[in-house]
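The next block holds one structure in the form of C-alpha cells; read it before the comments.
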Ligand code: GDP
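In full-length UniProt numbering, the protein residues as written are 1 to 527.
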C-alpha cells in the first residue's frame, strides 16, 4: 500500500461545467470508458434519460428522469485516481451545482463548437474563476460544422476574460474533419484512420508529419501547418503557472461522441491538473497539507431522503487532508461536538457501497441524523481545523411562500427552518412585512422544496412567483427603508443582512444613479 502522500498525489478531483447539450454526459462517459469504469457507451446517458433503474431517490427525480443532486464518479487511469463531481445542469440547476464547484481542484469546461460560450457555462465559469483553480477547455462536436477555432478562442478571452492556449488544432471540421494537430503531445491524431493505419502519427523535429504521408499533400494540412506556426509565434505562450492560477486555459478541440481527441485530452489534463494541495484554515491562521496525517474536510452538500423509507440524509464531505476510515472519531468545528463516523458510503456512479478508506481529494458520503450543515468542517485529533465558510450564491428566482393551512404553522416553520439550514433554498424576509421569500438559482429548487415540505413535514405551501430578480446586498448602516419600492424590493437574508431584489438591470442602474453612495454587493457567483 502506498503511503498517504503517494495516495493523495494520485488524486485528481474535478467537475465538468457546460451549458445543456454541449456534451458533458457524452464526454464523461468517454472518460469513464477510458478508465475502464464502465464497459459500454450509453450507461451514463441511460441514467440521464431515466432508463437506468438505480437509486430509490425521491419521486421527483424519477418523474423527470434527472438527477436532482450531484454525484461522484471515480476511476483509475494511468496511475491516477480520478474523481469527477457531477454538476447538475438543465432544469435541475441549483445552488448545489455551485457548491460542488467549491469542492473540486480543477474544472473542465465543455463548449459546443457551433455555439461557443452559452449562458450556463458563463455562470459556472465565474464561480470557478473566483476560486482561482485551473480550468481546462474542451471544444466539442468537431465532427460537425462549427465556428472558426480562432474565433472560439477569441471569445474565451473576450467573454470570459481568460487567456486561451490551444493544446491542439483541428485539421478541418465537420465533413472535412481529417484530424487534430496535437501541439502538446507532438503528434497528429487521424479522425478516420484507414484499416490497419495508426491513429496517432508522429511529428518530426520541425513539427511536420514524418515521412511522406498522403495527408501532407492536402491543402487542409498545409493550411493547418500555417495556422499552427502562426499561433506558436504570435499567440499566447503556454504558461503552467498561469494555468494553475486559472488565468490561462489549455484549449482542446475534439469530438466526444466519436471519441476523437478525448484520450489525449485526458492524458494532458491529468498531467497538468493539480493533486490536492494544502489549505488555509482557521481564518488563515494555519495551513494544513493535504497529506497531513490529520483527517479534515468540509460538507459541501447535503442530500436528504435518498431513501424515503429511512428518511436519511447524506452529508457529502470533501476530504481536504489525511485519511478517512470507518468508525473514526471526529469533531464538528462549528459546535465542538464529537461524533463517531461508522457508516460511510463512497460513490461509484449511483451505486452506494461501503468503503474502508478514502484520502484527501476524495468525497465521502456520511449518514447524517441532523448534525451537519452545509459548509461544516470536521476533523480528527485535538486541534481545531475550520475551513473558510462557503460563499453566498445569489439566487435569481424568487417566490413568496405561505402555509396553505393556517392551523399548521408549526410544521410549516419547522420544515422551513430545516430545509433552509440544509441549503435546499435560500430564505429571505420582506424587510417591512416579514413575509417569507424564497430564493433559488433554478426552478427545480422550488419544486423540491414544496414536495419535501408536503412529504416530510406534512405542510402544504402556497407559492407566488416574484420572478427573476437581481439580488444585491447593502451595508446595514447605509440602509434607509424609504429606498425600497416594488422595483427594488427590500428584504433581509437569514443573517438579517439587508439586500435589494431589483426587478432588472435597469432598475438597478436607476437606483445607483439616485443613491450613488450606496454600495451594492453581488454574491460570489456574480462577482
Ligand atoms: P449534456 O447535456 O451536456 O450532458 O450533453 P450530452 O452529452 O447529452 O449531448 C447532447 C447531444 O449532443 C447528444 O445528442 C449527443 O449525442 C450530442 N453530442 C455530444 N457530443 C457530440 C459530438 O462530439 N459530436 C456530435 N455530433 N454530437 C455530440
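We put the CB at the ideal spot given by N, CA and C, even for glycine. Small disclaimer: the values here were computed from a predicted structure and weren't measured.
> Once you ignore the five residues that flank residue 415 on each side, which residues in its own chain have a CB closer than 6 Å to its CB?
Replying inline: 453, 457 and 459
> Where do the N-terminal and C-terminal ends of the alpha helix (DSSP H) with residue 34 fall, by residue?
Replying inline: 24-34
>> If distances are taken between C-alpha atoms only, which option among 80, 195, 103 and 139 comes closest to residue 260?
In response: 139
> Of all the options 480, 202 and 429, which has the alpha carbon lying nearest to the alpha carbon of residue 417?
Replying inline: 429
> Touch check for the region 129-139 and the region 248-262: three-plus C-beta pairs under 8 Å?
Replying inline: yes
>> If you reduce the DSSP assignment to three classes, tell me which class residue 193 lands in.
In response: coil
> Got a sec, what are the start and stop residues for the beta strand (DSSP E) residue 281 sits in?
Replying inline: Here the beta strand (DSSP E) through residue 281 covers 279-281.
> Could you give the uninterrupted runs of the alpha helix (DSSP H) lying entirely in the region 110-173, keeping only those of 4 residues or more?
Replying inline: 119-131 and 149-155
> Under 8 Å between the Cβ atoms of residue 293 and residue 4?
Replying inline: yes
> Can you name, in chain order, every residue of its own chain whose Cβ lies under 7 Å from the Cβ of residue 321, other than the five neighbours on each side?
Replying inline: 288, 289, 290, 292, 294, 295, 296 and 360
> Would DSSP call residue 65 helix, strand or coil?
Replying inline: Any reading at residue 65 must be qualified, since the residue scores a pLDDT of 38, below 50, and its modelled position is unreliable; the value itself is stated next. Three-state DSSP puts residue 65 in coil, outside helix and strand.
> Going by alpha carbons, who is nearest to residue 176 out of 191, 186 and 187?
Replying inline: 191
>> Taking 7 Å as the cut-off, is the C-beta of residue 100 nearer than that to any heavy atom in the ligand GDP?
In response: no
> Distance, Cα to Cα, residue 17 vs residue 283?
Replying inline: 29 Å
>> Is the beta carbon of residue 387 closer than 8 Å to that of residue 485?
In response: no
>> Considering only the alpha carbon of each residue, which of 468, 108, 212 and 232 lies closest to residue 129?
In response: 108
> Which ranges would you report for the beta strand (DSSP E) in the region 392-453 if only whole runs of at least 3 residues count?
Replying inline: Runs of the beta strand (DSSP E) inside the region 392-453: 397-403, 426-430 and 436-440.
>> Out of 364, 166 and 303, which one is the CA nearest neighbour of residue 326?
In response: 364
>> For the beta strand (DSSP E) containing residue 368, name the first residue and the last one.
In response: 363-368
>> Mapping the DSSP letters down to three states, classify residue 487 as helix, strand or coil.
In response: coil
>> Let me check you understand the geometry: is the CB of residue 256 closer than 7 Å to at least one non-hydrogen atom of the ligand GDP?
In response: yes
> Going by other Cβ atoms of all chains shown within 10 Å of its Cβ, with 16 needed for buried, is residue 47 buried or exposed?
Replying inline: Residue placement at residue 47 is flagged as unreliable, the pLDDT there being 49, under the threshold of 50; the coordinate-derived value follows with that caveat. Counting Cβ neighbours within 10 Å, residue 47 comes out buried, since at least 16 surround it.
> Per DSSP, what kind of secondary structure is residue 512 in: helix, strand or coil?
Replying inline: helix
>> Between the alpha carbons of residue 245 and residue 285, how many angstroms are there, rounded?
In response: 22 Å
>> Going residue by residue through the region 255-343, where are the continuous beta strand (DSSP E) segments of at least 3 residues, counting only ones entirely within it?
In response: Runs of the beta strand (DSSP E) lying entirely within the region 255-343, each at least 3 residues long, are 279-281, 286-288, 296-304, 313-321, 323-325, 328-332 and 338-341 in chain order.
> Is it buried or exposed for residue 353, if we count other Cβ within 10 angstroms and need 16 for buried?
Replying inline: Interpretation of residue 353 is limited by its pLDDT of 46, a score under 50 that renders its predicted location unreliable; the figure taken from the coordinates is listed afterwards. Label assigned to residue 353: exposed.
>> What does DSSP give as the partner residue(s) for residue 359 in the beta ladder?
In response: Per DSSP, 323.
>> On the DSSP letters alone, give me the boundaries of the beta strand (DSSP E) that residue 182 sits inside.
In response: 179-182
>> What I want to know is whether the C-beta of residue 553 ends up closer than 7 Å to one or more non-hydrogen atoms of the ligand GDP.
In response: The shown model of the chain, from 1 to 527, leaves out residue 553, and the question about it has no answer.
> Would you report the Cα separation of residue 223 and residue 124, rounded to the nearest angstrom?
Replying inline: Rounded to whole angstroms, the separation of the alpha carbons of residue 124 and residue 223 is 35 Å.
> Thinking C-beta only, is residue 333 closer than 8 Å to residue 376?
Replying inline: yes
> Can you tell me whether DSSP reads residue 498 as helix, strand or coil?
Replying inline: strand
> In chain order, what residues of the same chain lie with their CB nearer than 6 Å to the CB of residue 446, ignoring the 5 residues before and after it?
Replying inline: 399 and 440
> If you measure from the CB of residue 140, is any heavy atom of the ligand GDP nearer than 7 Å?
Replying inline: yes
> For residue 249, which of helix, strand or coil comes out of DSSP?
Replying inline: strand
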